[in-house]
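The structure appears below as structure tokens.
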Amino acid sequence: MNQDPKPKSADLLESEGDLVSHAFIGHAMKVHAAVGPGLGEEIYHQELVGAPTKSGIEHLSKPRRDLVYRGIVADTFEPDFVIENHFIPELKCLRGSFAAEHLVQVFCYCKFWRLRTSLLVDFGKQSLMWKRLLYRSQSAGFTETTLPSFVSDPSLATAIIQAVGQCLDEVGLGYRQTTWKGLVRAAIQSGGFEVHPNPTVTVLNHPGITVCSLVVNGVCAVFVTALTDGINATDRATLQTHLRWLNLGWGIVFHFGKSKADYAFAQHSKK
Numbered sequence: 020m021n022q023d024p025k026p027k028s029a030d031l032l033e034s035e036g037d038l039v040s041h042a043f044i045g046h047a048m049k050v051h052a053a054v055g056p057g058l059g060e061e062i063y064h065q066e067l068v069g070a071p072t073k074s075g076i077e078h079l080s081k082p083r084r085d086l087v088y089r090g091i092v093a094d095t096f097e098p099d100f101v102i103e104n105h106f107i108p109e110l111k112c113l114r115g116s117f118a119a120e121h122l123v124q125v126f127c128y129c130k131f132w133r134l135r136t137s138l139l140v141d142f143g144k145q146s147l148m149w150k151r152l153l154y155r156s157q158s159a160g161f162t163e164t165t166l167p168s169f170v171s172d173p174s175l176a177t178a179i180i181q182a183v184g185q186c187l188d189e190v191g192l193g194y195r196q197t198t199w200k201g202l203v204r205a206a207i208q209s210g211g212f213e214v215h216p217n218p219t220v221t222v223l224n225h226p227g228i229t230v231c232s233l234v235v236n237g238v239c240a241v242f243v244t245a246l247t248d249g250i251n252a253t254d255r256a257t258l259q260t261h262l263r264w265l266n267l268g269w270g271i272v273f274h275f276g277k278s279k280a281d282y283a284f285a286q287h288s289k290k
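Residues in the sequence shown are numbered consecutively from 20, following the working numbering.
In structure tokens, the structure reads:
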């Protein structure tokens, strides 16, 4: 009588992932040698796309997937490859070194596809360069903060914080700023509020200037940051500038870091 296979341990999956990643790197090295360094990323992708299949490695090439929250698309992800059940390789052709933005990019992919390992591969150098990264999911909640007296609509402020807090509980930390901005918008909209993202204003004599905040019910602005050291004076000053040109009295800065999340209020005295 056949028995169901036992679930694989994390160590075994890690070991198998190493073997698969080594095989992928081997294919990348062959492509690098055949093509040479410094061309566009697309040619390396095209040369690599069939190699994993020939090696029996199941993978997806440039899968495009939406991150949906409460029926609203918050962001769209399209990595170069997803090696199913193992890791996510992302191809680059860089003049310099891997930057923080590249790490954030692959960590977002890992979080979305629920994979732990990613592989940055750089075809821009004389020799192929790669960096293997491990993603660890983090969860956090907001610390309750007393509403300041300048908040003109306390019930709206409370509803926004509760909606975004629930989204944080459900999703967890790890996404980039653009993703969190989409999630915050979706969370607030799902509460029945009107959200106007990235409105345009006239600044002095310059019309059509985009303000990178969310305007909620025409009453307040919400500014979103992520994966920095936390809310600082620059974030507050930026929101105050947005409030000034939007002619709104108050707003909220939300920050979603690597291990914690917080929020703060800002005020602009309308004239």
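Quick reminder that beta carbons are idealized off the backbone N, C-alpha and C, glycines included.
For Asp-99, there is no enclosing beta strand (DSSP E), as DSSP marks it with neither H nor E. Along the length of the region 116 to 190, whole alpha helix (DSSP H) runs at least 4 residues long occupy 119 to 132 and 173 to 190, reported in chain order. The DSSP-derived three-state label of Gly-201 is helix.
Taking each of Arg-114, Ala-42, Ser-146 and Thr-162 in turn and checking the Cα distance to His-105, the smallest one comes out for Ala-42. Asp-248 sits in coil when the DSSP states are folded into three classes, being neither helix nor strand. Annotation for Glu-77: Glu-103 place their beta carbon closer than 6 angstroms to its own, counting only its chain and skipping 5 residues before and after. Annotation for Ile-228: Thr-219, Val-220, Thr-221, Val-222 and Trp-264 place their beta carbon closer than 8 angstroms to its own, counting only its chain and skipping 5 residues before and after. Residue pairing by DSSP places Phe-212 opposite no residue, since no beta bridge is assigned to it. By the criterion of a C-beta distance shorter than 8 angstroms, Val-190 is surrounded in its chain by Tyr-88 and Leu-202, once the five residues flanking it on both sides are discounted. In the same chain as Lys-130, and ignoring 5 residues on each side of it, the C-beta atoms closer than 6 angstroms to its own belong to Gly-193, in chain order. The three-state secondary structure of Pro-71, taken from DSSP, is helix.
Glu-109 is bridged by DSSP to Leu-139.
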